[in-house]
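Structure first, commentary second.
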Amino acid sequence: MAEVRLSGLSKSFGSTVALEKVDLEVPDGSFVVLLGPTGAGKTTILRMVSGLDTPDEGTVTIGGQLMTGLTPAQRNVAMVFQQYSLYPHMNVRENLEFPLKSPLLRTPQSEIDRKVNEVAEILQISHKLDNKSTALSGGEMQRVSIGRALVRNPSVYLMDEPLSSLDAKLRADLRVELKSIQANSGATLIYVTHDQVEAMTMATHVGVLDNGKLVQFGTPRQIYEDPVSLYAASRLGQPRINVLPADLFANVPPKATSIGLRPEHILQGEGEESTVTRVEHLGDQTRLHLIFKNHDLITVTDAHTELQQGDTIKIKPDNPLYFDASGARLV
-6 MAEVRLSGLS
4 KSFGSTVALE
14 KVDLEVPDGS
24 FVVLLGPTGA
34 GKTTILRMVS
44 GLDTPDEGTV
54 TIGGQLMTGL
64 TPAQRNVAMV
74 FQQYSLYPHM
84 NVRENLEFPL
94 KSPLLRTPQS
104 EIDRKVNEVA
114 EILQISHKLD
124 NKSTALSGGE
134 MQRVSIGRAL
144 VRNPSVYLMD
154 EPLSSLDAKL
164 RADLRVELKS
174 IQANSGATLI
184 YVTHDQVEAM
194 TMATHVGVLD
204 NGKLVQFGTP
214 RQIYEDPVSL
224 YAASRLGQPR
234 INVLPADLFA
244 NVPPKATSIG
254 LRPEHILQGE
264 GEESTVTRVE
274 HLGDQTRLHL
284 IFKNHDLITV
294 TDAHTELQQG
304 DTIKIKPDNP
314 LYFDASGARL
324 V
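Per the working numbering, the sequence shown starts with residue -6, numbered consecutively.
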């Protein structure tokens, strides 16, 4: 497939800065997830790579080739939008076939049939192949949109929250399938999502964006265990990291104003007292909601705990993360 390189990429829409001097190297064959809230610049990056938008400054390179001046069709990328985009006068099979029927590809009909049937089975829409796209549910339409990208063999796949409109079970199933397809094909895939579970389970690399800037890039484990800032730390992890005033604890670094504690990084049975306010049994573990010095926090414990609401337990930090007043990590 292809490496994607963004160099000094900037883009504004009127007075709104969407991207500001973003440098990013997407390794060949990687599954890169872009994380950040609405307006962080995630979709803008996809549109720059695809050629749908032109950067104000900077360049995009795919497979070593500079993309400046090339149209989306000339870039050999396949993009899946958050809102499905299908031809309403075609049935599902015809929509899936359409990208393969380009005169440039000259794909034999037997190969088209094979790819369409294979993708339809993966996306669980084989029984809908002869239905008009207008007769599909929203989730089915989105699966067809994903299928239109998967039948191709582009240099890069670009996906903008493609699973957000699907129900929980299908979303979980397709997470596994998309990751498997990407890994087996060696495809380069850039994927936008708000879902931390998708980022942790699918990505080889994660890019954390904030107000148009790339604040951290690394493996999911690197960002989870070694975030550069409180903002980056809050992007991964479910439940989210607990953030408390640093002065609640002893022996903190001099410049620390906040302490970040992952739920699994709270040692129980030692330290100072906290009160259990809620107990959530999740099967393989139990989630405890606590009050500690008038602050809420969440930790996890054994699945068979006998702790109940109102009980008192002692806790202390284990492997804490410290942050200064600006939110920067103190190492």
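The beta carbon of each residue, even a glycine, is placed where N, CA and C say it ideally should be. Quick caveat: nothing in here was measured; it's all calculated off a predicted structure.
Check	Outcome
Own chain residues within Cβ distance below 6 Å of residue 345, not counting five before or after	Given that the chain is displayed from residue -6 to residue 324, the structure contains no residue 345 and the question cannot be resolved.
Residue nearest to residue 168 in terms of C-alpha spacing, selected from 196, 235, 146 and 114	196
Backbone secondary structure at residue 321 - three-state DSSP	strand
Straight-line gap, residue 18 to residue 207 (C-alpha atoms, nearest Å)	11 Å
In chain order, each alpha helix (DSSP H) run of at least 4 residues that lies wholly inside the segment 20 to 67	35 to 43
Burial state of residue 133 (16 or more Cβ within 10 Å)	buried
Under 8 Å between C-beta atoms of residue 237 and residue 288	yes
Straight-line gap, residue 234 to residue 163 (C-alpha atoms, nearest Å)	28 Å
Sequence ranges, beta strand (DSSP E) only - wholly within the segment 207 to 250, length at least 3	235 to 238
Sequence-distant residues of the same chain with beta carbon closer than 6 Å to residue 253, five excluded per side	226, 234, 236 and 314
Among 79, 45 and 86, nearest to residue 66 - alpha-carbon criterion	45
Under the three-state DSSP convention, the category residue 120 falls into	helix
Three-way DSSP call (helix, strand, coil) for residue 162 in this model	helix
Nonlocal neighbours in the same chain, by C-beta distance under 6 Å from residue 54, ignoring five residues either side	-2
Those runs of the beta strand (DSSP E) which lie wholly inside the segment 134 to 199 and span at least 3 residues	149 to 153 and 181 to 185
For residue 277 and residue 0, the rounded distance between their alpha carbons	45 Å
8 Å Cβ cutoff met for residue 57 and residue 179	no
Which listed residue (280, 15, 130 and -5) has its alpha carbon closest to that of residue 159	130
C-alpha distance - residue 43 paired with residue 72, whole-angstrom precision	7 Å
Integer Cβ distance of residue 143 from residue 174, believed to fall under 8 Å	7 Å
Reduced DSSP secondary structure (H/G/I, E/B, other) of residue 84	strand
Buried or exposed (CB count within 10 angstroms, at least 16 for buried), residue 47	exposed
Start-to-end residues for the alpha helix (DSSP H) that takes in residue 103	102 to 115
contact_flag[the segment 110 to 120, the segment 145 to 152] where n(CB pairs < 8 Å) is 3 or more	no
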